[in-house]
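Beneath this line is the structure, given in structure tokens, with notes to follow.
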Amino acid sequence: MTDAPLDLGPQTRVVARLAEAVTDEQLAAGTPCPAYAVHHLLGHVLGLSAAFRDAARKDLGATTDTPPTAAIPDIGPGWREALPKVLAELADAWRDPAAWTGMTRAGGVDLPGEVGGAVAADELVIHGWDLAVATGQRYEPDPAALQATYAFLLAAAQDPSRGGGIFGPVVPVADDAPLLDRTLGLSGRDPGWTPS
Numbered sequence: 001m002t003d004a005p006l007d008l009g010p011q012t013r014v015v016a017r018l019a020e021a022v023t024d025e026q027l028a029a030g031t032p033c034p035a036y037a038v039h040h041l042l043g044h045v046l047g048l049s050a051a052f053r054d055a056a057r058k059d060l061g062a063t064t065d066t067p068p069t070a071a072i073p074d075i076g077p078g079w080r081e082a083l084p085k086v087l088a089e090l091a092d093a094w095r096d097p098a099a100w101t102g103m104t105r106a107g108g109v110d111l112p113g114e115v116g117g118a119v120a121a122d123e124l125v126i127h128g129w130d131l132a133v134a135t136g137q138r139y140e141p142d143p144a145a146l147q148a149t150y151a152f153l154l155a156a157a158q159d160p161s162r163g164g165g166i167f168g169p170v171v172p173v174a175d176d177a178p179l180l181d182r183t184l185g186l187s188g189r190d191p192g193w194t195p196s
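Using our numbering, the first residue of the sequence shown is number 1, and each one after it goes up by one.
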């Protein structure tokens, strides 16, 4: 048992399983992220996993200092071995209660550890959905990570200093829609997105 507020392990395993099922033919497919094909999305997940692993460890440097908009991410030839390894390391790093305290950095932004953990959960939940719908896979995020992501995005959307959603304008979703759909709407995504 851990004293950390949230175990990211179940959600990192969901993302790892989704990535494992991606075929080479699907790597060029479009995703809900307009500038990203599947191979870019996988590269982004690999990079953010390393960044948030290091943010949890307070091991600040190149991985934590690079803004996500610095360049279009991509995968290298060893991504199938590297991604599940880094996802597992990410989950393990956030199991340390100290990861959730003090200050850290990710994407070149200084932030409290507890916010870093919430952002890591958000990235894993939202990009897990991106990957699933882009590759025609069923998506069942970890319920605890989904709930944490919804709470994080709802608070951000209600913060007047942010001017709405964090990742783009909030997409209206019915109040009685499933929690995943409402969370996606808060992230600026259309829950009904399908590949063109």
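We put the CB at the ideal spot given by N, CA and C, even for glycine.
- At the C-beta level, L131 and L8 stay beyond 8 Å of one another.
- The segment 45–54 and the segment 112–123 touch, with three or more beta-carbon pairs separated by less than 8 Å.
- Where V119 is concerned, the enclosing alpha helix (DSSP H) starts and stops at 113–134.
- In the same chain as P67, and ignoring 5 residues on each side of it, the C-beta atoms closer than 7 Å to its own belong to G107, G108, in chain order.
- The way I'd put it, the segment 60–76 does touch the segment 26–46; three or more beta-carbon pairs between them come closer than 8 Å.
- Considering only M103, Q137, L180, V115, the residue with the shortest C-alpha distance to Q26 is Q137.
- In terms of Cα proximity to D54, the closest of T194, A157, D190, A99 is A99.
- For T149, the three-state secondary structure derived from DSSP is helix.
- In terms of Cβ geometry, A4 and D142 do not form a close pair [threshold 8 Å].
- Here D7 carries a coil assignment [DSSP, helix/strand/coil].
- Counting every other CB atom within 10 Å of its CB across the protein chains shown gives T101 a total below 16, marking it as exposed.
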